[in-house]
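Protein chains in written order, with the working numbering: chain A, 1 to 390; chain B, 1001 to 1371.
All C-beta atoms, glycine included, are put in the ideal place defined by N, C-alpha and C.
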Amino acid sequence: MEDRQTLGRPKLIWLMMPLALLVAAIGWIILTDPFQSLKSNAPPVEAVTFERTILNDQGLRMLVRAGGSDPMRIAQVQIDAAYWSFVQTPPGNISRGATVWLDIPYPWVLGEAHVVTVVTTTGATFTHDIEVAVPTPKISLAQLQFQALIGVFVGIVPIVFGLMFYPVLRGIGQSGMNFLMALTIGLLSFLLVDSIEEALDIAGSSAAIFQGPVMVILVAASTFLLLMAVGQRGGPPTGVALSTFIALGIGLHNLGEGLAIGAAFAAGSAGLGTYLVLGFTLHNITEGIGIAAPILKKRPPLWVFASLALLAGGPAVIGIWLGSLAFSAQWGAFALAIGAGAILQVVVQVGAYVMRSNKLGMETFLKPSILSGLATGIAFMYVTAAFVKI
Amino acid sequence: MKSANKNELVSRRGVLLAGLAAAGGAVAVSGRANAQELPYGSEASTSTMVTHENMAAHGGMMTVGEVDNVANGFDPMALLTDWDVGTTEILPDGRTLRTFEVQAEDKEIEIAPGVFYPAWTFNGRVPGPALRATEGDRIRIIFKNYGSHPHSMHFHGIHSARMDGVNGTPGLIGPGEEFTYEFDAKPFGCHLYHCHALPLKRHMAKGMYGAFIVDPDPKKHVDHNDVARSRLKGTAENAEWQELVMVMNAFDTNFDEENEFYAANTIPFAYMKKPIRIEKSRPVRIYLINTVEFDPINSFHLHGNFFDYYNQGTTLTPTLRTVDIITQCQAERGILEFSFAEHEPGLYMFHAHQAEFTELGWMANFDVVEA
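Structure (structure tokens):
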């Protein structure tokens, strides 16, 4: 006991000393302002991020976030190069990182583009494009049902279709199994690259204060490590457990996808129509096959299939709902990053599973059945993605 | 500075699905499934109705707030009639020597409500003082540069090369220096002066320009003596007229070589918010000068009326008769004459007919009243 106390006291001092010095340094800087010379006559650096746009029968509502070196003030608002009256809530200066709503009674035109420009006190301008003006959906039963229907076709239906290949796939040999598992790795790798790219893209339009790209990498890595730790408890996952992890990874990915789709409802943009839903359905069918692959050897009860389909596809519905109701760039990037981390974990787990089942090391991936599976998976995803990308 | 914060939340997939979004919106609003069947302003969409109700006067198209004229040191309403006639003395040969004093200085100006611009000014105002002389006067301008950059006064008029105020002449002076320009006031007309230091575009855009009006000497124009007298400040004939000077200008507040604000006499919508009072029985004469940078032309359009136009003001008969719009290139100017005598009182609008300029501030009203 006494030993600990004598040891504890110096440690406490060593802890307190740097902290006290830090406080003293901050106090000195604030009181004496030795860096005053950094403040030249140059205007402060300003930044404005447009996070949400709502178009309704009152005109435009925009959520904007301020960033920059000092609190800033929005002096005027232009819509399509015309000064327009607006109400800012709350009014006045906007602190760094804070958000305000701008209500602008502008008679926007359905289906056409508009440009919103805010002019700050320093005369700096920040511009946001409304690519195609459509009314922002209001929360209603009909609306939620309509969005859920899209979510079902984008998320759940293709998984179910993929799982329905299950009886055909059963009883295939080791090569066939290798091909299917490699196919799964291939399609997941595509999704991994796709979600990282999309997450970084969206992160780029979030306010600088969120450090979007860094956040994406950190969130993806944390998710990956967390799921790896969970997955490895009780040994490497196989069978239903591995299928569940694949479904979870795909589900988290679909949540991010759903958010982006929901954001389209909220923001409004040009559309091409129904065939896109079909494109998504086709694009996502292999996900169902991937989920089915680890459970081919031992057939689980039917409810397991239903649960897997819901786990993998259901988040698309939730994502669309959330995305259309409240969506800002940083949350979209966050969700996609979680999805990316989860998918990376599944890629690693499935890869390890393939190596174990072939009782080989890395050379497993040189087998023709594996290579052809990988290539087919990636190629299929790439080609069907053409239906949904412009 | 031009920061395009394109919000790309609507990523490719999102964009593509927005067709569904539009359909979804239609479902939500009207219960109809096809967005194409939803014309804006139909019973399903009420936004036109609401916004029109809210915005009776100007449709909501307006800057928000008021400029602090006191802090700026000038009032756009006062600028309209604020002539600087200098100080005069009679020379031994009987001519008038007219002396002006002008200082260049840096000054931050609130060029629109809440928007502050680091201007370069003549006498602390934009536009600079409206200098007014009479044809044949000997002009002397004592120019002092209190600004942070070299400046000059370059007059549109007839003068020697030494008095031109361009690079390589003594009239282009550094900070803290002084120069006196001297020349005869000719030809009569509606002219301008501006700083001719390089880079010219920046010195112009920063606010260094002003009106230079030379009234005709009636003695030299026996054929149009009455017209000349009506133009000559100080005569009884001239006092009948309601004379206004308008310098059409603009400000590029984010320095991307495109203007954010347009106006006549600096402050956008100033004469919309406070219309210019016009007594209907008295004729109106506008000295109109275009100093806009970055846009090749500007224009002036009068509502409900037509006017006669004297291009550059160097003639005593109109160069254009009965027009309701004229265009002016950069540094072009002229005199507009019109009357509301036969009109019923009310607000008569005038503005640039480049609708972009109009909606970015160059829009104004005459309040025509019985006098």
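Thinking residue i and residue j are a contact (beta carbons under 8 Å), I'd like their distance in whole angstroms, please.
i: T218 (chain A); j: L259 (chain A); result: Residue 218 (chain A) is actually Leu in this sequence, not Thr. No, L218 (chain A) and L259 (chain A) are not in contact; Cβ-Cβ is about 19 Å, not under 8 Å.
i: V346 (chain A); j: I295 (chain A); result: Not a contact, Cβ separation roughly 14 Å.
i: E1237 (chain B); j: D1226 (chain B); result: 7 Å
i: G288 (chain A); j: P90 (chain A); result: With a Cβ gap of about 49 Å, G288 (chain A) and P90 (chain A) do not count as contacting.
i: E1260 (chain B); j: D1252 (chain B); result: 6 Å
i: G262 (chain A); j: V388 (chain A); result: Wrong, their Cβ atoms sit about 16 Å apart, outside the cutoff.
i: H1194 (chain B); j: M1208 (chain B); result: 6 Å
i: A329 (chain A); j: I202 (chain A); result: 5 Å
i: T127 (chain A); j: I54 (chain A); result: Rounded, the Cβ-Cβ distance is 18 Å, inconsistent with contact.
i: N1305 (chain B); j: N1298 (chain B); result: The Cβ separation is near 20 Å, so there is no contact.
Just the chain B side, please: which residues come within less than 9 Å of residue i by C-beta, in chain order?
i: T121 (chain A); result: G1114, V1115 and F1116
i: R96 (chain A); result: Near R96 (chain A) there are no residues of chain B at all, since even the closest Cβ is about 16 Å away, more than 9 Å.
i: Y83 (chain A); result: M1061, M1062, T1063, V1064, A1112, F1261, P1268, F1269, E1359, L1360 and G1361
So, at 8 Å on beta carbons, what are the nonlocal neighbours of residue i in its own chain, with the 5 sequence-adjacent residues on each side left out?
i: R1095 (chain B); result: G1136, D1137 and R1138
i: G111 (chain A); result: V132, A133 and V134
i: W84 (chain A); result: V77, Q78, I104, P105 and Y106
i: V1166 (chain B); result: S1152, H1154, L1172 and H1196
i: R73 (chain A); result: G92, N93, I94, T120 and T121
i: L22 (chain A); result: none
i: M1 (chain A); result: Any reading at M1 (chain A) must be qualified, since the residue scores a pLDDT of 46, below 50, and its modelled position is unreliable; the value itself is stated next. Cβ neighbours of M1 (chain A) beyond the five flanking positions: none.
Note down, in chain order, each residue of its chain lying with its Cβ closer than 6 Å to the Cβ of residue i, except the 5 sequence neighbours on either side.
i: G251 (chain A); result: L311, A312 and P315
i: L1302 (chain B); result: D1324 and F1350
i: S1339 (chain B); result: P1283
i: F365 (chain A); result: none
i: S369 (chain A); result: S175, N178 and F179
i: M355 (chain A); result: T364
i: G249 (chain A); result: A342, I343 and V346
i: T1314 (chain B); result: P1187 and G1189
i: L1097 (chain B); result: E1089, L1091 and R1138
i: V317 (chain A); result: A148 and G151
i: G373 (chain A); result: F179, A182 and L183
i: F1100 (chain B); result: G1086, L1131 and I1141
i: I209 (chain A); result: G67 and G97
i: M1055 (chain B); result: Low local confidence applies: a pLDDT of 45 at M1055 (chain B) is under 50, so the model's placement there is unreliable, with the coordinate-based value given in what follows. Excluding residues within five positions, none has a Cβ falling inside 6 Å.
i: I1443 (chain B); result: The displayed coordinates of chain B run from 1001 to 1371. Any statement about residue 1443 (chain B) would go beyond what the structure contains.
i: T223 (chain A); result: I338, G341 and A342
i: L255 (chain A); result: P315, G319 and A335
Between which residues of its own chain and residue i is the CB-CB distance below 7 Å, once the five residues before and five after are set aside?
i: G68 (chain A); result: P44, V45, E46, A47 and R96
i: G1031 (chain B); result: Confidence at G1031 (chain B) is low in this model, with a pLDDT of 35, below 50, so the placement of that residue is unreliable and no value is reported for it.
i: I285 (chain A); result: P158, F161 and G162
i: N1258 (chain B); result: Correcting the residue type first, residue 1258 (chain B) is Glu in the shown sequence and not Asn. Closer than 7 Å at the Cβ level, and outside the excluded window around E1258 (chain B), lie D1252 and F1294.
i: Y1310 (chain B); result: P1318, T1319, G1334 and I1335
So residue i contacts chain A; which residues on that side make the cut at Cβ distance below 8 Å?
i: T1253 (chain B); result: V119, T122, G123, A124 and T125
i: E1237 (chain B); result: By Cβ distance, chain A contributes nothing, its closest Cβ being about 41 Å from E1237 (chain B), past 8 Å.
Give the residues of chain A in contact with residue i, contact being defined as C-beta atoms less than 7 Å apart.
i: E1105 (chain B); result: Within chain A, no residue comes near E1105 (chain B); the closest Cβ sits about 15 Å away, beyond 7 Å.
Residues of chain A with CB closer than 9 Å to the CB of residue i, please, in chain order.
i: E1356 (chain B); result: A81 and A82
So with CB distances below 8 Å, who are the chain B contacts of residue i?
i: F86 (chain A); result: V1064
List the residues of chain B that residue i touches, going by C-beta distances under 7 Å, in chain order.
i: A208 (chain A); result: Under the 7 Å cutoff, chain B gives no residues; its nearest Cβ is about 11 Å from A208 (chain A).
Exercise. Do the stretch 1271-1283 of chain B and the stretch 1313-1320 of chain B touch if we need at least three Cβ pairs shorter than 8 Å?
Worked result: No, because fewer than three Cβ pairs between the stretch 1271-1283 of chain B and the stretch 1313-1320 of chain B fall closer than 8 Å, the two stretches do not touch.
For this session: Name, going along the chain, the residues of the stretch 1329-1352 of chain B whose beta-carbon falls closer than 9 Å to a beta-carbon of chain A.
Result: Nothing from the stretch 1329-1352 of chain B brings a Cβ to less than 9 Å from some Cβ of chain A.
Exercise. Counting pairs of beta carbons, one from the stretch 219-239 of chain A and one from the stretch 334-344 of chain A, are three or more of them closer than 8 Å?
Worked result: Because the criterion of three Cβ pairs below 8 Å is met, the stretch 219-239 of chain A and the stretch 334-344 of chain A touch.
For this session: For the stretch 142-154 of chain A and the stretch 101-115 of chain A, state whether three or more C-beta atom pairs, one from each stretch, are separated by less than 8 Å.
Result: Too few Cβ pairs lie closer than 8 Å, so no.
Problem set entry | Contact between the stretch 73-90 of chain A and the stretch 7-19 of chain A (3+ Cβ pairs under 8 Å) | Three or more beta-carbon pairs separated by less than 8 Å are not found between the stretch 73-90 of chain A and the stretch 7-19 of chain A, which leaves the two stretches without contact.
For this session: Report yes or no: do three or more beta-carbon pairs, one from the stretch 1210-1221 of chain B and one from the stretch 1182-1192 of chain B, lie closer than 8 Å?
Result: Cβ pair count under 8 Å is three or more, so yes.
For this session: Would you check if there are 3 or more beta carbon pairs closer than 8 Å linking the stretch 1144-1152 of chain B to the stretch 1087-1104 of chain B?
Result: Cβ pair count under 8 Å is three or more, so yes.
Exercise. Using 8 Å as the threshold, is the stretch 1156-1169 of chain B in touch with the stretch 1115-1122 of chain B, meaning 3 or more CB pairs across them?
Worked result: Two segments are said to touch when three or more pairs of C-beta atoms, one from each, lie closer than 8 Å; by this definition the stretch 1156-1169 of chain B does not touch the stretch 1115-1122 of chain B.
Problem set entry | Any 3 or more C-beta pairs closer than 8 Å across the stretch 185-194 of chain A and the stretch 375-385 of chain A | With a cut-off of 8 Å on Cβ pairs, the stretch 185-194 of chain A is in contact with the stretch 375-385 of chain A, counting three or more such pairs.
For this session: Could you name the residues of the stretch 64-76 of chain A whose beta carbon sits closer than 7 Å to any beta carbon of chain B, in the order they occur along the chain?
Result: Cβ contacts with chain B: R73, A75 and Q76.
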